[in-house]
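Chemist: Residue numbers (our numbering), protein chains in the order written: chain G, 14 to 255; chain S, 48 to 448.
Dropping a structure here in structure tokens format, bear with me for questions.
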Amino acid sequence: MKASLLRWAAWAPGIELPDAWRSWAAAPAPLPATGAPDAKFLPAMLRRRCTPLTRTMLSAAFGCAEPDELARLRTVFASRHGSINESIGLLLNVVRREKLSPATFSHTVHNAQAGLFSIAAGNRAASSSLAGQEDTWTAAFLEALVFLERDPREPVLVVVGDVPLADTFAPLVDEAAVPYAFAAQVGAAGTGPGVSLELGAADPARARAPWPPALEFLRWWLSDEESLEQPNRASTARWLRA
Amino acid sequence: MSRAPCRLAALGQVSALGRVRAEVHARLAAGDATHLSLDAEIVPERSLWLGRVNEALPAIPAPLARFACRNNRLALAALESIGAEVAAAVARFGPARVGVVLGTSTSGVGDAEAAIAHRERTGVLAHEFFYDQLEFGGLARFVAEAIGARGPAYTLSTACSSGARALASARSLVAMGACDAVVSGAADSLCGLTTNGFAGLGALSAGVTNPCSANRDGLTLGEAAALFLVTGEPGGIQLLGVGDSSEAHHMSAPDPEGRGAETAMRDALADAGLAPDDVAYLNLHGTGTPQNDVMEAAAVGRVLGSDVPTSSTKPLVGHTLGAAGALEAAFCWLVLAERRGGELVLPPHVWDGARDPALAPIRLVEKGESARSGGRAVVMTNSFGFGGNNCTLVLGASDSP
């Protein structure tokens with residue numbers, strides 16, 4: 014499956030601009046475990062309603078497109094955990110039989126980041142939000158290809174991100190728990206630097222990178238390595254420059 | 048150029064109307080709203096009508112115990128009905144060529160409530176609690192493992208349009224050659240979080256939801272699963288068109304003019320290469336909230352006019368949230384699958400009959416009403432979600448292959 018990677022942006026604490034990411038990719042090191050962006054580009058009213066995850070994902074999204082593109086491109090928002098940290102508070106309300114805050118409830122849907130992006134960017138285009146466990150980055154890329162299959166004329170803005178799980182659930186999940194977001198404009202094959210994805214047999218012995226899969230992809234993209242193999246739950250994602 | 052075929056080759060579903068196909072179709076055609084149940088527990092100091100699935104659900108197989116939750120049991124109940132067709136697809140195409148794309152707005156959060164309550168009492172989560180039970184991505188992974196598929200498996204969650212969107216993505220995964228078959232649809236389960244959340248928003252009906260009525264006062268919630276086997280074969284019942292849009296308006300209220308809904312419907316028709324006149328029936332999103340119904344009727348009036356028969360099936364099963372788009376596509380699938388001699392028996396619009404002069408005059412299906420279709424029958428279903436996410440599907444069947 015071939016596509017083009019036209020533009021990218023990423024955010025992690027202290028690594029915000031493309032040059033900082035190039036430096037990180039040249040000498041990758043584990044990422045900071047805490048921090049959230051200011052997201053000053055958002056109007057104050059809207060910013061107040063944004064969780065740390067929303068500010069993180071929208072920072073990458075807004076860094077990855079011109080204003081007219083922000084209002085026009087179709088989007089895929091992908092997050093393994095989404096708004097689960099905020100949902101924990103609501104779950105405590107439920108078990109204590111307290112009233113739930115309507116604003117909190119409507120901002121903890123899994124597509125909250127997509128919805129707030131649509132409002133902030135004035136974007137009325139098609140949008141998808143997904144979760145795919147350890148395979149979330151692979152799934153996000155596939156979902157971008159879904160939109161390109163439907164209409165290849167415009168690229169798709171893909172945004173993947175997470176923040177560390179709260180203590181309630183964190184012990185249940187073995188992962189590189191860091192706040193981050195990665196955004197990419199994925200276009201049809203032949204419209205820019207080419208990238209291909211093939212899914213092969215799972216290889217349980219293959220080690221995971223000590224940072225999220227989307228950032229391992231970025232590290233590879235900025236390197237001179239020809240291919241990257243990433244372990245998924247039931248497959249191996251093999252990325253190639255096409 | 049028309050799109051590649053997308054066959055909705057087999058359907059398994061479960062809702063308050065049941066899971067046996069002939070029974071569900073009969074109840075749908077009769078507008079049988081007697082399967083809702085009254086609940087006095089789930090929201091404090093309030094009684095609610097709910098579209099709960101009251102029948103026994105299959106147990107999660109022991110090797111998949113880390114996925115045990117009501118949401119996955121609903122999915123498994125739907126999956127059992129198409130077990131033979133799905134197993135044949137996995138055998139024919141190979142596990143790596145079969146994908147799973149499902150929608151949900153709840154995943155296993157209902158069971159997480161019990162784990163959180165345990166943690167409140169004891170300081171630790173119940174020891175049998177796994178993150179696979181709770182996380183959104185767990186639904187697709189569970190179904191993939193249950194059927195032995197190793198292709199792409201992910202979960203879409205765009206609130207109430209999740210199930211419709213999953214079918215749209217399944218179609219493209221097959222069309223682009225990423226998969227030869229996809230198990231697609233949705234599952235959503237009643238839980239304290241959604242019932243109390245919608246109660247907090249003031250969005251729940253005091254009685255049973257009454258869509259398009261002057262007296263409508265909100266939602267009735269429900270739960271369901273609807274799973275399709277999606278292939279690239281011609282014939283049978285086809286997913287002909289998809290249209291989708293965002294609202295850029297508000298997190299929990301639609302654009303009052305229904306512009307996003309209108310875009311989704313127009314684009315779905317264009318994608319299918321069909322005209323408004325071709326549509327024999329529209330399953331409305333029809334939630335029974337003041338805001339949804341007025342904007343949806345306006346959008347339907349602008350796209351389809353006032354002659355196309357429409358109904359909301361939410362008075363029969365409740366609003367099944369993340370599953371609604373797939374369940375209502377399933378109801379459309381049943382309308383097409385049960386057509387006889389070019390006649391479609393349509394699900395009636397069950398309400399108090401009090402016309403709201405503020406609503407555009409769309410045509411609501413009466414009890415016992417059917418539609419004639421020529422050689423080709425085309426139906427449409429709308430799904431509009433929180434966060435301003437809209438998705439419309441067009442399904443069709445031809446009498447001659």
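The beta carbon of each residue, even a glycine, is placed where N, CA and C say it ideally should be.
In chain order, which continuous runs of the beta strand (DSSP E) of length 3 or greater are located wholly inside the stretch 52-139 of chain S?
Modeler: 54-61, 84-86 and 95-98, all fully within the stretch 52-139 of chain S.
Chemist: Taking the Cβ atom as the reference point for each residue, do S:LYS361 and S:THR242 lie within a distance shorter than 9 Å?
Modeler: Taking 9 Å as the Cβ cut-off, S:LYS361 and S:THR242 do not qualify as a contacting pair.
Chemist: Return yes when the Cβ of S:ASN101 is within less than 9 Å of the Cβ of S:GLY155, no when it is not.
Modeler: Not closer than 9 Å, so no.
Chemist: Are the Cβ atoms of S:MET298 and G:SER119 separated by less than 9 Å?
Modeler: Contact: yes.
Chemist: May I ask you to report which of helix, strand or coil DSSP gives S:THR241?
Modeler: DSSP places S:THR241 in helix when its eight states are reduced to three.
Chemist: Quick one, are the C-beta atoms of S:ALA222 and S:VAL145 less than 9 Å apart?
Modeler: The answer is no: Cβ separation not under 9 Å.
Chemist: Between G:ARG163 and chain S, is the shortest Cβ-Cβ distance under 9 Å, so that the two count as touching?
Modeler: G:ARG163 counts as touching chain S.
Chemist: Buried or exposed: where does S:MET427 fall if 16 or more other Cβ atoms within 10 Å of its Cβ makes it buried?
Modeler: Result: buried.
Chemist: Using the three-state DSSP reduction, which class does G:GLU211 fall into: helix, strand or coil?
Modeler: Three-state result, G:GLU211: strand.
Chemist: Taking the continuous beta strand (DSSP E) assigned at S:TRP449, which residues delimit it?
Modeler: In the structure as shown, chain S starts at 48 and stops at 448, and residue 449 of chain S therefore has no counterpart that could be examined.
Chemist: Identify whether G:ASN98 lies in helix, strand or coil by the three-state DSSP scheme.
Modeler: If DSSP states are grouped into helix, strand and coil, G:ASN98 belongs with the helices.
Chemist: Between S:GLU416 and chain G, is the shortest Cβ-Cβ distance under 9 Å, so that the two count as touching?
Modeler: No, S:GLU416 does not count as interfacial toward chain G.
Chemist: Alpha helix (DSSP H) containing G:THR69: first to last residue?
Modeler: Here the alpha helix (DSSP H) through G:THR69 covers 65-75.
Chemist: CB-CB under 6 Å to G:LEU241, same chain, minus the five flanking residues each way: which ones, in chain order?
Modeler: Counting only Cβ-Cβ distances below 6 Å, and skipping sequence neighbours, we find TRP233 and TRP252.
Chemist: Roughly how many angstroms lie between the CA atoms of S:THR334 and G:PHE230, to the nearest whole one?
Modeler: Near 42 Å, if we compare the C-alpha coordinates of G:PHE230 and S:THR334.
Chemist: Keeping to the same chain, check which residues put their C-beta closer than 6 Å to that of G:GLN126; ignore five residues upstream and five downstream.
Modeler: Cβ within range, chain order: THR67, MET70 and PHE90.
Chemist: Taking buried to mean at least 16 other C-beta atoms within 10 Å of its own C-beta, is G:MET58 buried or exposed?
Modeler: Label assigned to G:MET58: exposed.
Chemist: Quick one: using the 10 Å Cβ neighbour count with 16 as the cut-off for buried, is S:ARG402 buried or exposed?
Modeler: Flag for S:ARG402 reads exposed.
Chemist: Would you verify that the beta carbon of G:THR67 is, or is not, closer than 9 Å to some beta carbon of chain S?
Modeler: Not closer than 9 Å to any Cβ of chain S, the Cβ of G:THR67 fails to qualify, so no.
Chemist: Measuring straight from C-alpha to C-alpha, what distance separates S:LEU287 and S:PRO52?
Modeler: Distance between the alpha carbons of S:LEU287 and S:PRO52 is about 8 Å.
Chemist: Could you please tell me which residues of the stretch 237-260 of chain S, in chain order, have their CB closer than 7 Å to any CB of chain G?
Modeler: Within the stretch 237-260 of chain S, the residues whose Cβ lies closer than 7 Å to some Cβ of chain G are GLY239, LEU240, ASN243, GLY244, GLY247 and LEU248, listed in chain order.
Chemist: For my contact list, S:GLU182 and G:HIS123 are in at a C-beta cut-off of 8 Å; report their separation, rounded to the angstrom.
Modeler: Between G:HIS123 and S:GLU182 the Cβ distance is about 10 Å, and since that is not below 8 Å, they are no contact.
Chemist: Would the beta-carbon of G:THR151 fall within 9 Å of that of G:ALA218?
Modeler: Not a contact, by the Cβ cut-off of 9 Å.
Chemist: Compare the Cα-Cα distances from G:ARG166 to each of G:MET14, G:THR149, G:TRP37 and G:ARG87 and report the closest residue.
Modeler: Measuring from the Cα of G:ARG166, the nearest candidate turns out to be G:ARG87.
Chemist: Quick check: the stretch 349-357 of chain S against the stretch 407-415 of chain S, are there 3 or more CB pairs under 8 Å?
Modeler: With a cut-off of 8 Å, the stretch 407-415 of chain S and the stretch 349-357 of chain S count as touching, because enough Cβ pairs lie within range.
Chemist: Which of the three DSSP states, helix, strand or coil, is assigned to S:CYS207?
Modeler: Three-state result, S:CYS207: helix.
Chemist: Please list, in chain order, all residues of the same chain as S:SER94 whose beta carbon is under 8 Å from its beta carbon, the five residues on each side excluded.
Modeler: Hits under 8 Å: LEU85, ASP86 and ALA87.
Chemist: If you measure from the beta carbon of S:THR202 to each beta carbon in chain G, is any gap under 9 Å?
Modeler: It does: the Cβ of S:THR202 has a partner Cβ on chain G nearer than 9 Å.
Chemist: Have a look at S:ALA271, S:PRO303, S:ARG168 and S:LEU64 and flag the residue whose alpha-carbon is nearest the alpha-carbon of S:LEU126.
Modeler: When each option's Cα is compared against that of S:LEU126, the closest is S:ALA271.
Chemist: Taking the C-alpha atoms as reference points, what is the distance between G:PRO50 and G:PRO43?
Modeler: Spanning the two alpha carbons is a distance of roughly 18 Å.
Chemist: If the criterion is Cβ atoms closer than 9 Å, does the pair S:ALA187 and G:GLY48 meet it?
Modeler: Against a cut-off of 9 Å, the Cβ pair of G:GLY48 and S:ALA187 comes out as no contact.
Chemist: Assign G:TRP252 to one of three DSSP states: helix, strand, or coil.
Modeler: The answer is strand: DSSP assigns G:TRP252 an E or B state.
Chemist: Taking all protein chains shown into account, do 16 or more other C-beta atoms lie within 10 angstroms of the C-beta of S:PRO448, making it buried, or fewer, making it exposed?
Modeler: Any reading at S:PRO448 needs caution, since the residue's pLDDT is 48, under 50, leaving its predicted position unreliable; the model's value is listed next. That one is exposed.
Chemist: Confirm, please, whether the CB-CB distance from S:LEU203 to G:SER96 is below 9 Å.
Modeler: Their beta carbons are not under 9 Å apart, which means G:SER96 does not touch S:LEU203 by this criterion.
Chemist: Expressed to the nearest angstrom, what Euclidean distance is found between the alpha-carbon atoms of S:PRO395 and G:PRO26?
Modeler: Whole-angstrom Cα-Cα distance: 56 Å.
Chemist: For G:GLY95, return the contacting residues in chain S, with the cut-off set at a CB-CB distance below 9 Å.
Modeler: In chain order: GLU182, PHE183 and SER204.
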